[in-house]
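J.:
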Amino acid sequence: MGNYVKRFSAFDRVVHWVLAIAFFVLVMSGLGLFAHTFFSYFDFFGGPEQGILAHKIAGIVFLITSILLFFAHAKDTCRFDSDDGRWFKGFGGYLSKDQPEIPQGKFNAGQKLFALFSIIATVILGLTGYVIWDPTSMERGLTQFSLMLHGLFFILFVMGAVVHIYLATIGNPGTIDGMLWGQVKKIWAKKHASKWYQEVGGKD
Amino acid sequence: MKHKAFMIDTSRCIACRSCQVACKQWNKLPAEATVNSGSYENPPKLTAYLHNKIEFIETEENGEFKWLFLNKRCMHCSEAGCMKVCPSVGALYRTEDGLVAYNKDKCIGCNYCVNGCPFDVPRYDAQNKIAKCHGCFDRVENGLQPACVKACPTGTLLFGDRDQLIATAKTSGKPIYGETALSGLGAMYLLDNKPQDYNLAANPTIPTSIFLWKDVIKPLGILGFWGAVGVAMLHYVTVGPKQLEENGTEKGGGNHG
Ligand code: HEM
Ligand code: SF4
Ligand code: SF4
Ligand code: SF4
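In the order they appear, the protein sequences are chains A and B.
According to my numbering, the stretch in the first sequence is residues -5 to 198, in order.
According to my numbering, the stretch in the second sequence is residues 15 to 271, in order.
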């Protein structure tokens, strides 16, 4: 036992990090098309044509890993209860140091919301990505709309990712342990996910 | 800057297609095999190797068959949707004369530009690079007329100083298509009928989705990204992280006992 409790399986972790790398590749290659300022990012890929190809490959990897990760955690992320309502009302305790932590399951309400947003955004990016795969192949209005939607969800996703990365690292020390080696400190679990901690047999 | 432009008086056109041939010749564009579509119009659409073409629009006037001939080409818009969406700086550019030309070496073959164009003009060649009318900028820079204009035997195609062309055209009393649309087209028409009869949009605009994408989502998005980074940093140094306290009595913790 010791001071740790198991949180994520090896499968969870491998899928998550493959997804993260794919996301990073997607952002870097997508930015080259998004605005002139970032056009030089295509140099990382050896040129614009190669960058677009990398984006298409990473897109498929991202789509598959996102779906796997979503279903792996769906039973914990798709249910909201009254504690979650309280959590949202108090902004998760992120606005002040003196707020008590509200009891949460394996994932807190904010994490669950991000999980749901992620799968919706992934599906939209995947579908619109399919339409703009060859921007001359489909009806013009649809392609134009898809380009816009792809850009919109790209932006929303990147903003979400900034917040996600902050909260998973320096914002909540100890959180990244779970995704790195599968276990978190018991005091982490008690503080951040007390209902889950009890479920998995945590005492005191 | 004085812009140059095309003025196309459709009523003069006899559909000899000298312009199509002259363009192919000057730009060394290969012939393409086509099929008989039951119309004199050929090929049916602009292609990567056909930068201008005569549309044969079949209409009826007082019970009699009538053709409307329209020289279709890039309109060299002052507010050009193709340039708006092109990710590669310099692939599409405006010449000193105000025409929309391109540099195939800089084109990355993303095929975005046709989606920004209100007139469905850009095409892509076998190397997947943009191809369209470039206004014969190479000739114009050297004081020559565009090849198609030079070849036109009827004076349908005119090229020159934009303001002057408009002033002359106004004396005919016919409405000018493209004088003000998209901040002024670089290819304007004198039409006998309504624009719609020539399959021309009465009020061409940059597609709404393209406007939202490039003028709203892009700038707000870049702002939003830095905003998110800023909020995270601000949170870290003001409220601060949720520290774990090793002795188990975490600060502010309300879930024990
Ligand atoms: C889910 C799977 C995804 C697929 C299948 C996909 C596919 C595509 C395709 C085919 C293009 C057009 C490339 C071209 O011009 O040939 C594109 C553009 C782009 N993608 Fe994706 N993509 C996906 C996810 C993402 C993600 C996760 C991001 C970033 C968070 C992203 C950001 C972009 C950006 C910024 C562009 C440039 C177009 C624009 O400015 O809106 N994509 N994508
Ligand atoms: S007609 Fe189309 S291709 Fe030509 S300048 Fe206008 S937007 Fe660009
Ligand atoms: S196909 Fe070429 S010219 Fe057209 S938008 Fe892409 S890079 Fe620009
Ligand atoms: S201006 Fe030049 S490129 Fe354009 S249609 Fe005429 S001949 Fe062709």
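Positions of the beta carbon are idealized from the N, C-alpha and C atoms, including for glycine.
Please report whether the beta-carbon of Y126(B) lies at a distance below 7 Å from any beta-carbon of chain A.
T.: So, interface residue.
J.: Name the DSSP beta bridge partners of M21(B), please?
T.: Beta-bridge pairing links M21(B) to L172(B) and M202(B).
J.: Would you say the beta carbon of F133(B) is closer than 6 Å to some non-hydrogen atom of ligand 2?
T.: It does: the Cβ of F133(B) is within 6 Å (strictly closer) of some heavy atom of ligand 2.
J.: Measure the alpha-carbon distance for G266(B) versus D92(A) and round it to whole angstroms.
T.: Residue placement at G266(B) is poorly supported in this model, since its pLDDT is 42, which falls under 50; the coordinates are not used for a value here.
J.: Work out the CA separation of F108(A) and K184(A) for me, nearest whole Å.
T.: So the alpha carbons of these two residues sit roughly 22 Å apart.
J.: In whole angstroms, what separates the C-alpha of C127(B) from that of A94(B)?
T.: Each residue's Cα considered, the two are about 10 Å apart.
J.: In the structure shown, what three-state DSSP assignment does H10(A) receive?
T.: Helix, per DSSP.
J.: Identify which residue in V154(B), C150(B), K59(B) and K120(B) has its Cα closest to the Cα of E43(A).
T.: With distances taken between Cα atoms, E43(A) lies closest to K120(B).
J.: What residues of chain B sit near G145(A), judged by a beta carbon separation below 8 Å?
T.: Ordered by position in chain B, the residues that pass the 8 Å Cβ test against G145(A) are W227, I231, K232 and G235.
J.: I need the straight-line Cα distance from E78(B) to I180(B), nearest angstrom please.
T.: Near 32 Å, if we compare the C-alpha coordinates of I180(B) and E78(B).
J.: Taking only runs that begin and end inside the segment 201 to 242 of chain B, name each unbroken alpha helix (DSSP H) of 4 or more residues, in chain order.
T.: Correct list: 222 to 225.
J.: Would you check if the distance between the CB atom of L82(B) and the CB atom of I68(B) is smaller than 7 Å?
T.: Against a cut-off of 7 Å, the Cβ pair of I68(B) and L82(B) comes out as no contact.
J.: Starting from the N-terminal side, write out each stretch of the alpha helix (DSSP H) that is 4 residues or longer and does not extend beyond the segment 73 to 125 of chain B.
T.: 95 to 99, all fully within the segment 73 to 125 of chain B.
J.: Would you mind working out which of A103(A), V178(A) and H144(A) sits nearest H49(A), comparing C-alpha positions?
T.: Out of A103(A), V178(A) and H144(A), H144(A) has the C-alpha closest to the C-alpha of H49(A).
J.: So, at 7 Å on beta carbons, what are the nonlocal neighbours of E264(B) in its own chain, with the 5 sequence-adjacent residues on each side left out?
T.: Legend: pLDDT at E264(B) = 44, less than 50; position of this residue unreliable, no value from coordinates given.
J.: If you measure from the beta carbon of N166(A) to each beta carbon in chain B, is any gap under 7 Å?
T.: At least one chain B Cβ lies under 7 Å of N166(A).
J.: Taking the alpha-carbon positions, what's the N76(B) to R31(B) distance?
T.: Going from the Cα of N76(B) to the Cα of R31(B) covers about 27 Å.
J.: Closer than 7 Å, CB to CB, is A115(A) near chain B or not?
T.: Output row for A115(A): interface = no.
J.: Count the CB pairs spanning the segment 239 to 259 of chain B and the segment 155 to 167 of chain A that are closer than 8 Å, and state whether there are at least three.
T.: In short, these stretches touch, since the Cβ pair count reaches three.
J.: Could you name the residues of chain B that Q138(A) contacts, counting a contact when the two beta carbons are closer than 7 Å?
T.: Under the 7 Å cutoff, chain B gives N129, P221, S223 and I224.
J.: Does the Cβ of S102(B) lie closer than 6 Å to at least one heavy atom of ligand 3?
T.: Correct: S102(B) has its Cβ closer than 6 Å to ligand 3.
J.: Using a C-beta to C-beta distance shorter than 7 Å, which residues of chain B count as neighbours of G123(A)?
T.: None at all; the shortest Cβ gap to chain B is about 14 Å.
J.: Helix, strand or coil for F70(B)? Go by DSSP, reduced to three states.
T.: Three-state DSSP puts F70(B) in a strand.
J.: Shortest alpha-carbon distance to L146(A) belongs to which of F18(A), I54(A) and F28(A)?
T.: Of the listed residues, the one whose Cα sits closest to L146(A) is F28(A).
J.: What are the boundary residues of the beta strand (DSSP E) that includes Y(-2)(A)?
T.: Unbroken beta strand (DSSP E) run through Y(-2)(A): Y(-2) to K0.
J.: Strictly under 7 Å for the Cβ-Cβ distance: is H30(A) near chain B by that measure?
T.: True, the Cβ-Cβ gap to chain B drops below 7 Å.
J.: So, for T61(B): in the same chain, excluding its five sequence neighbours on each side, which residues have a beta-carbon less than 7 Å away from its beta-carbon?
T.: For T61(B), where only same-chain residues beyond five positions count, the Cβ hits under 7 Å are E46 and R137.
J.: Distance, Cα to Cα, N41(B) vs H67(A)?
T.: So the alpha carbons of these two residues sit roughly 60 Å apart.
J.: In whole angstroms, what separates the C-alpha of G271(B) from that of W81(A)?
T.: Residue placement at G271(B) cannot be trusted, given a pLDDT of 31 that sits under 50; the coordinates are not used to answer.
J.: Suppose you measure from the CA of K180(A) to the CA of F32(A); what does that come to, to the nearest Å?
T.: So the two alpha carbons sit approximately 43 Å from each other.
J.: Around the C-beta of G262(B), are 16 or more other C-beta atoms found within 10 angstroms, so that it is buried, or is it exposed?
T.: Residue placement at G262(B) cannot be trusted, given a pLDDT of 46 that sits under 50; what the coordinates show is reported in the next sentence. It is exposed - the Cβ of G262(B) has fewer than 16 other Cβ atoms within 10 Å.
J.: Just the Cα atoms here: how many angstroms apart are G104(B) and C124(B)?
T.: Rounded to whole angstroms, G104(B) to C124(B) spans 14 Å at the Cα level.
J.: Any heavy atom of ligand 4 closer than 6 Å to the CB of G149(B)?
T.: Yes, since a heavy atom of ligand 4 falls inside the 6 Å radius drawn around the Cβ of G149(B).
J.: Relative to ligand 4, is the shortest distance from any of its heavy atoms to the C-beta of P167(B) smaller than 6 Å?
T.: Incorrect: P167(B) has no Cβ contact closer than 6 Å to ligand 4.
J.: For ligand 4, is there a heavy atom less than 6 Å away from the beta-carbon of R87(B)?
T.: True, at least one ligand heavy atom lies under 6 Å from that Cβ.
J.: Rounded to whole angstroms, how far is the Cβ of I220(B) from the Cβ of M202(B), which I believe are closer than 8 Å?
T.: About 18 Å; that fails the 8 Å criterion.
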